[in-house]
Amino acid sequence: MIDLRSDTVTQPTTGMRRAIAEAAVGDEQKREDPTVIELERRVAELLGHEDAVFVPTATMANHIALKLLSRPGDVLVAERHSHVVVYEYGGAAVHAGLMVYGLPGIAGRISAEQVRAAVPERTKSADQAPSLVSLENTHNNAGGRVWPLAELGRVVDAARELGLAVHLDGARLLNAATAVGCPPAKIAVRADTVTLCLSKGLGCPLGALLASTAPLIERARREKHLFGGAMRQAGIVAAAGLYALEHHVERLADDHARARRLGQGLHEAGLSVDLEQVETNFVQIDLAPLGLARSDALVILREAGVGLSATIHPTVMRAVTHLGIEDEDIDRALTLVPEALLGAGVVS
Ligand SMILES: Cc1ncc(COP(=O)(O)O)c(C=O)c1O
């Protein structure tokens with residue numbers, strides 16, 4: 087199967103498996119794992135922050151961040167389809183005691199004006215007011231959409247004016263940096279905390295990092311332990327992260343080019359793909375014009391040998407490129423997907 091369901095389906099490459107096998111390891115909980123320490127140093131530097139902590143998942147990184155930046159009962163402002171709101175089982179409420187104020191975004195982005203309007207004038211000291219904003223770049227549910235730097239800057243400015251902390255869920259931040267053509271630190275540096283995931287476009291089996299100031303990361307290590315995320319010989323997986331930073335970052339541009347070619351080809355074949363939305367490694371296909379139920383379409387495609395997946399939008403499916411997808415896979419998908427969908431559509 088040409089597996090375009092997600093960039094999380096990648097298998098470690100031969101080179102990555104070799105790096106894993108050769109990793110120098112130690113007890114990570116005791117800060118004795120040199121590979122973890124090196125990965126944390128490299129990621130902090132890459133993101134323009136003082137320090138970083140290695141955790142098993144981006145979900146854990148997000149929740150540690152939300153806890154660090156708030157007190158129970160505070161309000162979190164976030165785009166209403168962002169990962170922290172939709173896919174983390176209410177972790178913001180469960181772990182940090184946060185109430186979520188979800189704002190409707192455009193392409194996954196909220197505006198400085200929306201953030202300002204979300205903070206009402208206080209009439210008494212006990213008034214509930216937002217204490218932090220979480221932004222997502224690239225934005226998963228918007229289809230891998232990217233924040234223009236100036237727009238991101240304006241939202242961060244608004245948050246600062248209002249005294250709100252800023253968390254950046256940059257699970258795919260290196261895709262964003264690739265799309266914008268800037269160093270990752272330029273996107274990440276102004277946030278209080280930043281999540282970077284290793285198990286998506288970077289192709290690692292697991293792992294994520296949270297970057298911030300040294301004092302916040304010291305507190306984050308305690309939270310990580312509380313979450314049960316403090317590990318032992320974790321250099322085994324951190325080695326995959328170091329390998330990916332060395333070998334899998336530049337190639338993200340290939341994923342983006344393949345997504346673009348796939349989107350363009352599907353559009354030319356008559357499928358509903360908005361090419362403006364193809365900014366990174368996601369292609370969204372709207373089934374509404376075909377009058378085909380998405381669940382049926384996904385089965386038909388799978389039988390034809392192509393894996394796509396559902397999105398939060400009821401008639402929309404997505405195809406995601408990653409390091410397991412080559413040019414020939416795109417060629418074949420460009421034949422198989424239109425054939426399967428246009429053949430099955432009620433309206434064609
Ligand atoms: C934007 C974003 N943040 C966080 C996560 C969570 O990653 P994980 O499932 O590895 O914890 C994801 C996963 O898809 C994501 O897309």
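For our numbering, add 86 to where a residue sits in the sequence shown, where the first one is 1. For glycine and all other residues, C-beta sits at the position ideal for the given N, C-alpha and C. Owing to the predicted nature of the structure, the values given are computational and were not obtained by experimental measurement.
In terms of Cβ geometry, K310 and V141 form a close pair [threshold 9 Å]. Among the bridge pairs identified by DSSP, E165 is matched with L189. Annotated three-state conformation of R246 is helix, per DSSP. In the three-state reduction of the DSSP assignment, T121 falls in the helix class. Remark: the shortest separation between the CB of R404 and any heavy atom of ligand 1 does not fall under 8 Å. Contact annotation: A355 and V423 have beta-carbon atoms nearer than 9 Å. Bounds of the alpha helix (DSSP H) holding V385 are R380 to A390. One alpha carbon belongs to H333, the other to E108, and they sit about 16 Å apart.
Separation of R240 and A390 (C-alpha to C-alpha, rounded to the nearest whole angstrom) is 46 Å. When only Cα atoms are considered, I411 and A110 end up about 31 Å apart. Measuring C-alpha to C-alpha distances from G289 to each of R305, R307, L338 and D255 identifies L338 as the nearest.
Counting only runs of 4 or more residues that sit fully inside the stretch 222-309, the alpha helix (DSSP H) segments are 235-248, 259-266 and 270-274, in chain order. Secondary structure within the stretch 330-415: the alpha helix (DSSP H) runs of 4 or more consecutive residues, fully enclosed, are 338-354 and 380-390 (chain order). When the five nearest sequence neighbours on each side are left out, the beta carbons in the same chain lying within less than 6 Å of the beta carbon of H167 are those of N227 and I398, in order along the chain.
At a Cβ-Cβ threshold of 9 Å, G393 and V170 do not count as neighbours. Shortest Cα-Cα distance from I150 to any of L132, E114 and L254 involves L254. Between L348 and E126, the gap from beta carbon to beta carbon reaches 9 Å or more.
Per DSSP, the continuous beta strand (DSSP E) segment holding V139 begins and ends at D137 to V141. The beta carbon of D255 sits closer than 8 Å to at least one heavy atom of ligand 1.
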